[in-house]
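Engineer: Please see the structure below; I have some questions.
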Amino acid sequence: MEIVRTGPRKRFTGISRLYPMDTAIGTLRVIEDAEILVEGKHIVWVGKRGEGMGPIEGEERIEMSGVICTPGWIDAHTHLIWAGSRQNEFRARLQGQSYLDIARAGGGIMSTVRAVRQTDTSKLIAEGRHRLERMLGYGITTLEAKSGYGLSTDAEIKILRAIRALHEEGPQEISATFLGAHTVPTEYKHDRASYVSLVCEEMLPAVAEAGLADACDVFVEEGAFTLQEARRILQRGLDLGLQSRLHADQLSSGGGAELAAEMGALSADHLEEISPTGIQKMAEARVTACLIPGSTFCLRQHRYAPARAMIDAGMQIALATDLNPGTTCSESLPFLGTLACLQMGLLPEEVLYAVTVGAAHALGRADQIGRIAVGYQADLAFFAAPDIDYLFYHYAVLHTQSVYKHGRKVWPSSP
Ligand code: NIG
Ligand code: FE
7 MEIVRTGPRK RFTGISRLYP MDTAIGTLRV IEDAEILVEG KHIVWVGKRG
57 EGMGPIEGEE RIEMSGVICT PGWIDAHTHL IWAGSRQNEF RARLQGQSYL
107 DIARAGGGIM STVRAVRQTD TSKLIAEGRH RLERMLGYGI TTLEAKSGYG
157 LSTDAEIKIL RAIRALHEEG PQEISATFLG AHTVPTEYKH DRASYVSLVC
207 EEMLPAVAEA GLADACDVFV EEGAFTLQEA RRILQRGLDL GLQSRLHADQ
257 LSSGGGAELA AEMGALSADH LEEISPTGIQ KMAEARVTAC LIPGSTFCLR
307 QHRYAPARAM IDAGMQIALA TDLNPGTTCS ESLPFLGTLA CLQMGLLPEE
357 VLYAVTVGAA HALGRADQIG RIAVGYQADL AFFAAPDIDY LFYHYAVLHT
407 QSVYKHGRKV WPSSP
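Residue 265 in the numbering used here sits at position 259 of the sequence shown, and the numbers go up by one each step.
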């Protein structure tokens with residue numbers, strides 16, 4: 007990997023505990039009293055203080071005693087761009103209605119689609135920017151963001167343009183995913199085949215032509231898309247250079263994990279209802295499982311994805327917020343880490359792996375981000391905590407001390 011040695015040198019020194027994340031899931035290497043040297047946007051040295059290169063003239067020295075350091079966190083599944091609010095559905099669910107009841111009655115995804123279609127790009131960007139600022143405060147320096155609340159060629163492209171604008175603005179890098187197959191929109195309810203054709207023959211070519219997405223996602227579920235429809239859409243995406251992702255086995259076990267393996271997808275996400283065969287096939291095909299405990303929690307489904315069985319089968323796992331207005335409306339990846347510990351039985355080191363190395367795999371970027379190692383991007387999160395156990399034990403509060411992206415301090419923003 008080429009290290010770009012331009013820009014100022016920074017020395018982060020006296021870090022009480024540093025987690026390089028350079029070992030397998032479940033094992034943890036910790037460097038105490040650590041130091042990181044950054045040149046320009048990349049890490050050029052990491053280790054124990056005093057054991058590496060000495061100071062050079064003009065370098066910036068940043069004293070970090072009393073704080074711990076992890077790679078910048080990566081949120082591998084978000085629906086960052088939407089308009090409106092679905093707090094009314096939160097209340098309706100508290101009063102006994104189910105997610106599917108609400109969707110059938112015209113709410114759910116379609117209610118956000120109506121709001122997005124009426125909102126201009128600049129407002130979508132402004133709302134997305136607020137969410138990104140919150141994410142940055144939790145140490146999230148890279149994320150994935152999906153379209154899927156437009157469901158017409160123009161509205162899907164409007165969302166992807168908003169994602170592109172926010173990626174270019176920074177500080178976070180955003181990997182864009184086209185999710186035109188989120189649900190069949192109302193106007194095609196009685197002609198779903200035409201909608202699938204629209205996705206394949208008009209939307210996907212337009213998105214690929216404009217270079218607006220890295221991947222193509224399909225929501226495979228009763229009431230959304232069938233396996234056959236998903237296979238056609240994902241194959242069309244692959245032919246146009248877009249890698250595959252799936253929302254799979256979320257509300258029912260429908261063979262989505264098996265399809266992800268067949269298509270060589272980058273990730274299959276949710277997987278609460280994954281079958282044993284699905285686990286085996288995804289492990290063999292090296293498809294990353296992206297765990298989303300927030301939707302299970304917020305929909306009060308009780309059944310969380312079988313993370314332990316996945317790890318035991320050798321699957322690569324990521325953990326993501328799924329930030330969206332319907333099923334789980336929170337930017338707090340650390341809180342979901344606590345949920346993953348309590349409800350999925352993960353240990354803090356497994357959670358940290360899933361939001362760094364595992365998530366980098368889900369984005370196909372495990373050679374650039376997700377680790378504190380020479381040649382990797384200098385994306386760093388510092389927390390005022392004694393160790394990583396404390397981050398998940400003392401939950402739902404902010405522990406972040408500072409965040410760096412490409413070697414530059416991006417949180418808190420300068421006074
Ligand atoms: O990831 N599963 C499908 N899509 C979203 C929810 C979308 C919505 O309800 O607005 C999810 O949970
Ligand atoms: Fe989602």
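Ideal Cβ placement from N, Cα and C applies to all residues, glycine included.
If you're wondering where the values come from, they're calculated on a predicted model, not measured in any experiment.
Among Leu369, Gln374, Tyr396 and Ala402, which one has its Cα closest to the Cα of Ile180?
Structural biologist: Relative to the Cα of Ile180, the nearest Cα in the group Leu369, Gln374, Tyr396 and Ala402 belongs to Leu369.
Engineer: Can you tell me whether DSSP reads Asp223 as helix, strand or coil?
Structural biologist: strand
Engineer: Using DSSP's beta-bridge definition, name the partner residues of Ser250.
Structural biologist: Within the DSSP bridge table, the entry for Ser250 names Cys222 as partners.
Engineer: Contact check, Gly156 vs Val122 under 8 Å by CB: the rounded distance?
Structural biologist: Yes, they are in contact, since the Cβ atoms of Gly156 and Val122 sit about 6 Å apart, within 8 Å.
Engineer: Between the alpha carbons of Ser91 and Ala326, how many angstroms are there, rounded?
Structural biologist: 21 Å
Engineer: Distance check for Arg137 and Glu45, CA to CA, integer angstroms please.
Structural biologist: 29 Å
Engineer: So, helix, strand or coil for Thr33, using DSSP?
Structural biologist: coil
Engineer: Distance, Cα to Cα, Gln234 vs Ala271?
Structural biologist: 16 Å
Engineer: Just checking: is the beta-carbon of Ala111 within a distance shorter than 9 Å of some beta-carbon in chain B?
Structural biologist: The chain inventory of the structure shown lacks chain B, comprising one protein chain alone.
Engineer: Are the beta-carbon atoms belonging to Asp318 and Ile280 less than 9 Å from one another?
Structural biologist: no
Engineer: How is Thr159 classed by DSSP in three states: helix, strand or coil?
Structural biologist: helix
Engineer: Grouping DSSP H, G and I as helix and E and B as strand, with all else coil, what is His2?
Structural biologist: Past the boundaries of the shown model lies residue 2; the chain is included only from 7 to 421, so the question cannot be answered.
Engineer: Closest to Gln407 by C-alpha separation, out of Phe398, Ala391 and Tyr399, would be which residue?
Structural biologist: Ala391
Engineer: Over the uninterrupted alpha helix (DSSP H) stretch that includes Glu355, give me the two end residues.
Structural biologist: Pro354 to Ala360
Engineer: List, from N- to C-terminal side, the alpha helix (DSSP H) runs of 4 residues or more that fit wholly inside the stretch 92 to 122.
Structural biologist: 93 to 100 and 105 to 110
Engineer: Go ahead and pull the three-state DSSP assignment for Glu337.
Structural biologist: coil
Engineer: Counting along the chain, where does the alpha helix (DSSP H) carrying Cys304 start and finish?
Structural biologist: Pro299 to Cys304
Engineer: Would you check whether the ligand NIG has a heavy atom nearer than 8 Å to the C-beta of Ile298?
Structural biologist: yes
Engineer: Taking DSSP as the reference, what is the three-state secondary structure of Gly238?
Structural biologist: The displayed chain sequence assigns Arg, not Gly, to residue 238. Arg238: helix per DSSP, three-state reduction.
Engineer: Per DSSP, which residues does Asp275 bridge with? Please list them.
Structural biologist: His253 and Cys296
Engineer: Would the stretch 62 to 71 and the stretch 14 to 29 be scored as touching if the rule is three or more Cβ pairs under 8 Å?
Structural biologist: Yes: the two stretches touch, three or more of their Cβ pairs being nearer than 8 Å.
Engineer: Buried or exposed: where does Ala89 fall if 16 or more other Cβ atoms within 10 Å of its Cβ makes it buried?
Structural biologist: buried
Engineer: Kindly list the residues whose CB is nearer than 6 Å to the CB of Ala187, restricted to its own chain and excluding five residues on each side of it in sequence; keep chain order.
Structural biologist: Within the same chain, Ala187 has close Cβ partners Val205, Val224, Phe231 and Ile239.
Engineer: Out of Ala236, Arg170, Val213 and Leu345, point me to the one whose CA is closest to Arg198's CA.
Structural biologist: Ala236
Engineer: Return helix, strand or coil for Ala40, following the three-state DSSP convention.
Structural biologist: strand
Engineer: Excluding five sequence neighbours on each side, which residues of the same chain lie with their C-beta closer than 8 Å to the C-beta of Ser258?
Structural biologist: Glu227, Glu228 and Glu279
Engineer: Should Asp81 be counted as a contact of the ligand FE given a C-beta to heavy atom distance under 8 Å?
Structural biologist: Because no heavy atom of the ligand FE lies under 8 Å away, the Cβ of Asp81 does not count as near it: no.
Engineer: Helix, strand or coil for His405? Go by DSSP, reduced to three states.
Structural biologist: coil
Engineer: When DSSP labels each residue in this structure, what does Glu63 get in the three-state scheme?
Structural biologist: coil
Engineer: Find out if the Cβ-Cβ distance for the pair Lys411, Gly176 is shorter than 9 Å.
Structural biologist: yes
Engineer: Leu277: buried (16+ other C-beta within 10 angstroms of its C-beta) or exposed?
Structural biologist: buried
Engineer: How big is the Cα-Cα spacing for Met269 and Gln322?
Structural biologist: 17 Å
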